Each structure stands twice: as structure tokens, then as C-alpha cells.
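Peer 1: Attaching a single structure in C-alpha cells format; questions to follow.
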Amino acid sequence: STIVLVFEAPKDFEFAVNTGQKIKVGEALGDV
Amino acid sequence: LLSTWRETPTQWYPLPVALGALLLIVIQYRRRVLEKEVHVDEGGHEVVRLKGPWTVHVLGALPLRNLSRLWGYLNSLELPIWLRPAGFRLYAWIFGCNLSEMDPEDLTQYASLGDFFYRKLKNGARPVADSILVSPADGKILHFGTIRNGRVEQIKGSTYSLDALLGVERPGSSQPTDVEFPKRDMDEVNDRHFADINGIEYSLHQLLGTHAPPSPTASGTTTPTHETPSTPNSQPGVHRDMEDNVPTPVARKHGEQIDASVPSDVSLPEQVSHDAEVAAEMGMRPFLDRAQRRPSMSVKPGNALYFVVIYLAPGDYHRFHSPAAWVVEKRRHFVGDLFSVSPWMVRRLENLFVLNERVALLGRWRYGFFGMVPVGATNVGSIKINFDQALRTNVGSRKPPPTGTFTEAVYAAASPVLRGQPLTKAQEIGGFCLG
Numbered sequence: 001s002t003i004v005l006v007f008e009a010p011k012d013f014e015f016a017v018n019t020g021q022k023i024k025v026g027e028a029l030g031d032v
Numbered sequence: 033l034l035s036t037w038r039e040t041p042t043q044w045y046p047l048p049v050a051l052g053a054l055l056l057i058v059i060q061y062r063r064r065v066l067e068k069e070v071h072v073d074e075g076g077h078e079v080v081r082l083k084g085p086w087t088v089h090v091l092g093a094l095p096l097r098n099l100s101r102l103w104g105y106l107n108s109l110e111l112p113i114w115l116r117p118a119g120f121r122l123y124a125w126i127f128g129c130n131l132s133e134m135d136p137e138d139l140t141q142y143a144s145l146g147d148f149f150y151r152k153l154k155n156g157a158r159p160v161a162d163s164i165l166v167s168p169a170d171g172k173i174l175h176f177g178t179i180r181n182g183r184v185e186q187i188k189g190s191t192y193s194l195d196a197l198l199g200v201e202r203p204g205s206s207q208p209t210d211v212e213f214p215k216r217d218m219d220e221v222n223d224r225h226f227a228d229i230n231g232i233e234y235s236l237h238q239l240l241g242t243h244a245p246p247s248p249t250a251s252g253t254t255t256p257t258h259e260t261p262s263t264p265n266s267q268p269g270v271h272r273d274m275e276d277n278v279p280t281p282v283a284r285k286h287g288e289q290i291d292a293s294v295p296s297d298v299s300l301p302e303q304v305s306h307d308a309e310v311a312a313e314m315g316m317r318p319f320l321d322r323a324q325r326r327p328s329m330s331v332k333p334g335n336a337l338y339f340v341v342i343y344l345a346p347g348d349y350h351r352f353h354s355p356a357a358w359v360v361e362k363r364r365h366f367v368g369d370l371f372s373v374s375p376w377m378v379r380r381l382e383n384l385f386v387l388n389e390r391v392a393l394l395g396r397w398r399y400g401f402f403g404m405v406p407v408g409a410t411n412v413g414s415i416k417i418n419f420d421q422a423l424r425t426n427v428g429s430r431k432p433p434p435t436g437t438f439t440e441a442v443y444a445a446a447s448p449v450l451r452g453q454p455l456t457k458a459q460e461i462g463g464f465c466l467g
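Line order of the protein sequences matches chains A and B. Counting in my numbering, the final residue of the first sequence is number 32, and the numbers go up one at a time with none missing. Counting in my numbering, the final residue of the second sequence is number 467, and the numbers go up one at a time with none missing.
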């Protein structure tokens, strides 16, 4: 199963993850 | 025949090199042209088709949906208590589950593998980061980035359409207000208490939010799990669950939308002040005008559209949570195939995420549009949304509709203030079930 998030955010939004990285519920995905 | 086979001489001769080269060029040209070819329907919307190597086409020929439901049935069978600890420990060892964070930890309390798969976590097992966007699930980041020209990158060099992923309003479909229920369907409702509209069964209570006289359930229809209680908050288009008092939406089929919004003359319940507080916490304006309330994928100046894809492996915790504080205004259920969504398949099957069955939750957050799309797979075809009791995924016995069509429900009646289903960051939304 997969979850796709699509969202609008300011252009200074930055992801806090890397491709292939394991992640858990509640961990930061990104921030402005 | 035997003598002919034995006595006919075989003569070998070389093919002209130029002819072979020409053949290769033609094959390559045809392949490139076909790859770039985009099929569109009468409305100009892209029609997604199965594309990929021969292995993908072989998988596409399998009855994946039936296999998925069979898998779900087998895993719903109750296991003997003596077998549960050893069986679940073996599963946990193979797929790397952390048994110490489950609630409850006692393995004998999980009646089946399906129960174990949909396990809960202990309170505090997942601390929530102080960030505007957090992970909705345990898993692996497959891909992330910016959406350009309405295309989402599946892998490097391969994209799929954002419209195909989330769905678009089709010609003939109206907005969820001021729409009359079709006369043909009203006849069916009167006759049977349940209506079967274009392949979707509706409970009359859920459909209209009114009290219908009790009548026998027609054969081949479902039985409602809850009756609509008579409460001061009962409103047209709203069905409140008796157990958890969660409002469920009114389902509507493409082009047959039904008003699920709260009429202006209905007195607002006490929930209004609470919702206003939630709105303030989210940085949103309550009572937005209708144009602002609708999810829109046109971004504001200074903003951009982003995406992230998270893959949940078989051993992962399979409930999903809200990635941010936002309001879900509608959901679109796309009935599709149920291919595996493993990274191996993602690399091979183009348009995988717009071919599979999925539920698109669309709404808004403090920066504008927000969408969350749980995508099913062969082993986990069932998607649950806690605040949407009407949603049924991976349902058999009916011919699936064409790829790209969807059924839609609006949550406008869930909160009179926010005109949608408000969710706080890390709040549990639902999950994936086996089969």
C-alpha cells in the first residue's frame, strides 16, 4: 500500500526527508 | 511427413544488414511514438492505460481484485489460540514487525492475521514532530518533489497526470448544491427502501438523512449497521453514527450529485464554537465563501504544488494518520486495479498510482490545497476511513467502472463552521486492511 500526499505550500517549503528513507508516523516530512 | 522432414535440405543465408537495421529503426520509432501517445476521452481528459514491459501485461491479465478478496477472506479466518503466538511471531520475524509497541501486546488477542495486520500502537509510541507536515504512516519515502505542468513524477523520467490521480469534474456533473435527486432513482427508493443507483447502493437514511418507514430489506442489498437517531442535530444530508456520533457523508455518483451541505436556515449546533477554535488553531478562516471552500489545484502566487509518496511494507503499522491540520472537504473513490505497489512494480508499471483502487481525500490547509491519497494494492485492497462509514472499497460482484471514474462524497455537513471534516495533526484517519 502507498500514500500519496499532494499539497500547496510556499516556495520556501523544504522536505526533511530523502528518497528511500524509512519514516514513522509523526516524524517531520518538511517545513516552511 | 517423416521423409520430407528428414530429406528436405536446409539452406542458410544471411539477411541483408540494411534490412535488419531498418527493421530495428521502425520498432524503436513505433515504441517511442506509442509511449508518447496520450489517449483522451470526449472531455479531453487523459485515459490511463496499462503500459510497461511484458511482465506487467502478464500481471494485468491476472484477476488481481478477486485474488485480493480471496486473500482477505483467508486472512479473516479465526486462528486457534494456540497457533496465534507462534504464527504472528513468525510473520513478525519475516516482515520485521515490532511487537513491543503493539496495543495489546498479547498475541492471543488477535483472532486472525487480518486483525494482527490492522493492529494499533500504544499511546506515545509515535511522538509527533513540531513541524507543519509530518508523516501520515510508517513506511519508506519512494519519491517527493514539486509538481510541474500538472504531472507527478513516479520515477525519474516517468510521470503521471495529477488530474488522473485526484480526478476532475466532468461535463454534466454539477456542484454539490441545488441538485435535485433524479426522479428515476426516487421511484426505486420508494419501492425498496434502498436504492441501487448506477451500481452503488445507498441507504435511504444515509442518502436523505430523514426518517424512512421501516420496510423489509430487499434481496441483494446491504443492511444498515446504524439507524439514524432522532437528535436535535439531525440535518438533511447528515447521518450521525449512534456509537461514536461521527457524521458520515452522502455518497454521490459522478454526475448525480446530491446536496449534503447544511441549509442556511438550520440552527447551528453547539459544535460551532468548538470548530471555530479548531479553525483558529489551524490558521484558517471559518465561514469561507463557497468559491474559497472548494478544493482548487490552482496555486496562489508565491506557492507551489508538492508531492510525496510513502510506501508501506507488509510488516509496517498499517493505519494512517493526518499529516497536518487540515479540513477534508470531499473524497473521491476510484475503483481500479490492484497491482502491487512495491518499489519493483513502481519502477516498471507506468501510471501505477492512477490505475490502482484509491481514495482521494481533498481539502485545504493553511497554505491552500491539500490532498491525501491512500492507494490500495493486491494484498491490501481495502481502505478504511474512520469518519466515512459509507465508504466501501474492494467490493466484488459488480463490473468495475472504467478507469478514471469515481464516486464522490462531500463532507460539508460534518462541520458547519469549516464546511468539511476537520483533522488535527497526527490524528488517526483510517488504514489499510488485508484483502
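Cβ atoms here follow ideal geometry from the backbone N, Cα and C, with glycine treated the same way. Since the structure is predicted, the reported quantities are computational estimates derived from the model, not experimental observations.
Counting only the same chain and skipping the five closest in sequence on each side, list residues whose C-beta sits under 7 angstroms from that of Arg116 of chain B.
Peer 2: Leu139, Thr140 and Tyr142
Peer 1: Could you check where the beta strand (DSSP E) with His353 of chain B kicks off and where it finishes?
Peer 2: Arg351 to His353
Peer 1: What is the residue span of the alpha helix (DSSP H) that Glu39 of chain B lies within?
Peer 2: Run containing Glu39 of chain B: Leu34 to Glu39, per the alpha helix (DSSP H) assignment.
Peer 1: DSSP state of Val391 of chain B, grouped into three classes?
Peer 2: strand
Peer 1: Quick one: grab the DSSP three-state call for Asn409 of chain B.
Peer 2: Note that residue 409 of chain B is Ala in the sequence shown, not Asn. Coil at Ala409 of chain B, not helix or strand.
Peer 1: Using only alpha-carbon positions, find the residue among B:Phe366, B:Arg396 and B:Leu394 that is nearest to Phe385 of chain B.
Peer 2: B:Phe366
Peer 1: Could you check where the beta strand (DSSP E) with Phe419 of chain B kicks off and where it finishes?
Peer 2: Run containing Phe419 of chain B: none; DSSP gives neither H nor E here.
Peer 1: If you reduce the DSSP assignment to three classes, tell me which class Leu384 of chain B lands in.
Peer 2: Three-state DSSP puts Leu384 of chain B in a helix.
Peer 1: For the stretch 169-179 of chain B against the stretch 332-342 of chain B, are there 3 or more C-beta pairs whose distance is under 8 angstroms?
Peer 2: yes
Peer 1: 8 angstroms is my cut-off, CB to CB: does Trp103 of chain B come that close to chain A?
Peer 2: Not one chain A Cβ lies under 8 angstroms of Trp103 of chain B.
Peer 1: Return the chain-ordered list of same chain residues with a C-beta closer than 6 angstroms to the C-beta of Ala124 of chain B, the five sequence neighbours on each side being excluded.
Peer 2: Leu131
Peer 1: So, are the CB atoms of Ile179 of chain B and Leu337 of chain B less than 8 angstroms apart?
Peer 2: yes
Peer 1: DSSP puts Asn335 of chain B in a beta bridge; with which residues?
Peer 2: A:Pro10
Peer 1: So Ala169 of chain B contacts chain A; which residues on that side make the cut at Cβ distance below 7 angstroms?
Peer 2: Here the neighbours are Ile3 and Val25.
Peer 1: Rounding to the nearest angstrom, what Cα-Cα distance links Ser1 of chain A and Leu370 of chain B in this structure?
Peer 2: 10 angstroms
Peer 1: For the stretch 149-158 of chain B against the stretch 14-21 of chain A, do three or more pairs of beta-carbon atoms, one drawn from each stretch, fall closer than 8 angstroms, so that the two count as touching?
Peer 2: no
Peer 1: Determine the chain A residues that contact Arg380 of chain B at a beta-carbon separation under 8 angstroms, and present them in chain order.
Peer 2: Result: empty, since nearest Cβ-Cβ is about 15 angstroms, beyond 8 angstroms.
Peer 1: Buried or exposed for Gln60 of chain B, please, with buried defined as at least 16 other CB atoms from any protein chain shown within 10 angstroms of its CB.
Peer 2: exposed
Peer 1: Rounded to whole angstroms, what is the Cα-Cα separation between Met404 of chain B and Arg390 of chain B?
Peer 2: Straight-line measurement puts the Cα of Arg390 of chain B at about 10 angstroms from the Cα of Met404 of chain B.
Peer 1: Beta-carbon separation of Val359 of chain B and Arg396 of chain B under 8 angstroms?
Peer 2: yes
Peer 1: For Asn388 of chain B, count the other beta carbons within 10 Å of its own beta carbon; 16 or more makes it buried, fewer makes it exposed. Which is it?
Peer 2: So Asn388 of chain B counts as buried.
Peer 1: What residues from chain A crowd round Ile179 of chain B, counting only those whose CB sits closer than 8 angstroms?
Peer 2: Simply Val6.
Peer 1: Taking Pro159 of chain B as the reference, give the member of A:Val25, A:Asp31 and A:Leu5 with the closest Cα.
Peer 2: Residue nearest to Pro159 of chain B within the set A:Val25, A:Asp31 and A:Leu5 is A:Val25 (criterion: CA-CA distance).
Peer 1: Could you tell me the boundaries of the alpha helix (DSSP H) in which Ser108 of chain B lies?
Peer 2: Leu96 to Ser108 is the span of the alpha helix (DSSP H), which, as asked, contains Ser108 of chain B.
Peer 1: Excluding five sequence neighbours on each side, which residues of the same chain lie with their C-beta closer than 8 angstroms to the C-beta of Ile113 of chain B?
Peer 2: Thr140
Peer 1: Applying the 10 Å Cβ sphere with the 16-neighbour rule, what's the burial state of Ile417 of chain B?
Peer 2: buried
Peer 1: Taking Arg158 of chain B as the query, report the chain A residues whose CB atoms sit under 7 angstroms from its CB, ordered along the chain.
Peer 2: Lys24, Val25 and Gly26
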